[in-house]
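In the numbering used here, the protein residues as written are 1262 to 1781.
Dropping the structure here:
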């Protein structure tokens, strides 16, 4: 190791070519008694300060020793001056430690690194652009406050918010999030949304929506197919008319029901009804009127006007006749005749005034499910030939399901001129059929396929109406809140009331009671 030979005090460090070797230069600091020591080896290279590391500041001087380190020489740094210049260049590329607060307007850049450690300036606004690729979890107090309008463009991709709490039963959640045409989101109480809903639904969808919504009114075109009864007696009693059709569940506040003479134009001579009742399914309406509120011996249509949900005016094609010459048939004058299987006796079969009954008896014929008429009951003539009439009667049924469709009970009208026999002679009536399956007990309108089925209820009572106008007869079944109707052409001959009962595999009791028979 070289030995330093002497110490030389100077005011400044000599240039490299003028320095002695193996010496220590003590360089005086201007205006200060302090000296800085520099050691020069045998090659004339300045090695280090001859003091404890860190006790004096780093000094850069391009007049100091030459560079002998191989790594620096490889990089082209051969002298202290080159080393100093390179160091300054590197320092110029460094960022000062920040001490002041700022904002993205005044400081719009941030520093980013690539995979190789290379640095570059980035726009500060880009800092959150890749947020969708991050898995973020919020902490208490965190949130997002917009400083300006903000748009989220999904580019047609799905955007989902999942895991929300179900607040369906929380009355405080009563606000909707909705969009306008531009996609802007706002909160609303839903009024505008619901008001616009009818404009986007089809007619069929409106009808289904109305039926599903409790107490919602019909949205489709209203129509009346039939009116029962079609004949009213001119008297001061309240008459009840059943209108059958579609879309009859109307808002009573915005609806009127009036009677108009058949020959009159709309708005001329119209007479208000007493009131009307609608039903949720929209298939029927009950209208009331005093029998003497309508001039007698005239035919009337019914006019229905409504303004919500759509404006409609409907004039029925069906007619209601008010008759001053009509009269209630004297039911107590009816005479009954009966015929029992094998001419045996069955006291459970009888007629009395406007009522009659069939009670099965196994002594007449052993119970079996068969289409064999075991009882026939017929009244005397109650309706003259070519006479229009309105007949209403109640039927009471009491039997368990026989497990077969073969047995039946027929109640209605037969030709008065036809002798009574153990055959179903009714030309206008109803059939009650029992069966042991999901169909339950069935009631058919006349001999048609129109029927109402339900599980047996014992005893069960329902109403049936038969009307004749000319050669057309109308049927109306009212059972357990359901109203069905049917019509056909029949003879205008004189008629009698009749009931025919077939044998069943179970005990059966069938009865009827004529509530009204009006002739006109």
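Just so you know, even glycine gets a beta-carbon here, dropped at the ideal spot from N, CA and C.
Asked: Going by alpha carbons, who is nearest to residue 1284 out of 1531, 1356, 1305 and 1767?; Found: 1305
Asked: So, residue 1561 versus residue 1535, is the Cβ gap smaller than 8 angstroms?; Found: no
Asked: Pick helix, strand or coil for residue 1461, following the three-state DSSP scheme.; Found: helix
Asked: Output yes or no for whether 8 angstroms exceeds the beta carbon distance between residue 1650 and residue 1555.; Found: no
Asked: Using the Cα positions of residue 1681 and residue 1641, report the straight-line distance between them to the nearest angstrom.; Found: 11 angstroms
Asked: Please report how far the alpha carbon of residue 1769 lies from the alpha carbon of residue 1673, in whole angstroms.; Found: 18 angstroms
Asked: State the start and end residues of the unbroken alpha helix (DSSP H) segment that holds residue 1351.; Found: 1341-1353
Asked: For residue 1670, write down the residues that DSSP places opposite it in a beta bridge.; Found: 1693 and 1762
Asked: Helix, strand or coil: which one does DSSP assign to residue 1721?; Found: strand
Asked: Give the straight-line distance between the Cα atoms of residue 1655 and residue 1776, rounded to the nearest whole angstrom.; Found: 7 angstroms
Asked: Sorted by chain position, which residues of the same chain lie with C-beta nearer than 6 angstroms to residue 1267's C-beta, five sequence neighbours on each side aside?; Found: 1284
Asked: By DSSP, does residue 1466 sit in helix, in strand, or in coil?; Found: helix
Asked: Exposed or buried, what is residue 1456 when buried is set at 16 or more other beta-carbons lying within 10 Å of its beta-carbon?; Found: exposed
Asked: Assign residue 1610 to one of two classes, buried (16 or more other C-beta atoms within 10 Å of its C-beta) or exposed (fewer than that).; Found: buried
Asked: By how many angstroms is the C-alpha of residue 1399 removed from the C-alpha of residue 1315?; Found: Because the pLDDT of residue 1315 is 46, which lies under 50, any placement of that residue in the model is unreliable, and the question is left without a value.
Asked: Take the Cβ of residue 1670 as the centre, count every other Cβ of all protein chains shown within 10 Å, and call the residue buried at 16 or more, exposed below.; Found: buried
Asked: Rounding to the nearest angstrom, what Cα-Cα distance links residue 1338 and residue 1346 in this structure?; Found: 9 angstroms
Asked: Residue 1616 bridges to which residues according to DSSP?; Found: 1613 and 1774
Asked: In the DSSP assignment, the alpha helix (DSSP H) including residue 1782 goes from what residue to what residue?; Found: Residue 1782 is absent from the structure shown; the chain starts at 1262 and stops at 1781.
Asked: Go to residue 1712, then tell me how far its beta strand (DSSP E) extends in each direction, as first and last residue.; Found: 1712-1715
Asked: Have a look at 1662, 1269, 1281 and 1276 and flag the residue whose alpha-carbon is nearest the alpha-carbon of residue 1298.; Found: 1269
Asked: Once you ignore the five residues that flank residue 1645 on each side, which residues in its own chain have a CB closer than 7 angstroms to its CB?; Found: 1755
Asked: Considering only residues of the same chain and omitting the five flanking positions on each side of residue 1683, which have a CB-CB separation below 7 angstroms?; Found: 1600, 1602, 1634 and 1637
Asked: Identify whether residue 1452 lies in helix, strand or coil by the three-state DSSP scheme.; Found: helix
Asked: To the nearest angstrom, how far is it from the Cα of residue 1431 to the Cα of residue 1446?; Found: 23 angstroms
Asked: Assuming residue 1373 is part of the beta strand (DSSP E), what are its boundary residues?; Found: 1370-1374
Asked: Buried or exposed: residue 1295, going by 16 or more other Cβ atoms within 10 Å of its Cβ?; Found: exposed
Asked: Is DSSP giving residue 1266 helix, strand or coil here?; Found: coil
Asked: Mark residue 1427 as exposed unless 16 or more other C-beta atoms lie within 10 angstroms of its C-beta, in which case mark it buried.; Found: exposed
Asked: Between residue 1619 and residue 1751, is the Cβ-Cβ spacing less than 8 angstroms?; Found: no
Asked: Specify the secondary structure class of residue 1306 as computed by DSSP and reduced to three states.; Found: coil
Asked: Taking 6 angstroms as the limit between beta carbons, can you name the residues of its chain near residue 1607, skipping five residues before and five after?; Found: 1601, 1622 and 1625
Asked: Got a sec? Which residues, its chain only, sit under 6 angstroms from residue 1506 by beta carbon, not counting five neighbours each side?; Found: 1484, 1485 and 1486
Asked: Contact defined as beta carbons within less than 8 angstroms: I believe residue 1705 pairs with residue 1691. What is the distance between those atoms, to the nearest angstrom?; Found: 6 angstroms
Asked: Tell me residue 1286's beta-bridge partners as DSSP assigns them.; Found: 1269 and 1299
Asked: Measuring CB atoms only, is the segment 1739-1749 touching the segment 1706-1719, in the sense that at least three cross pairs come out at less than 8 angstroms?; Found: yes
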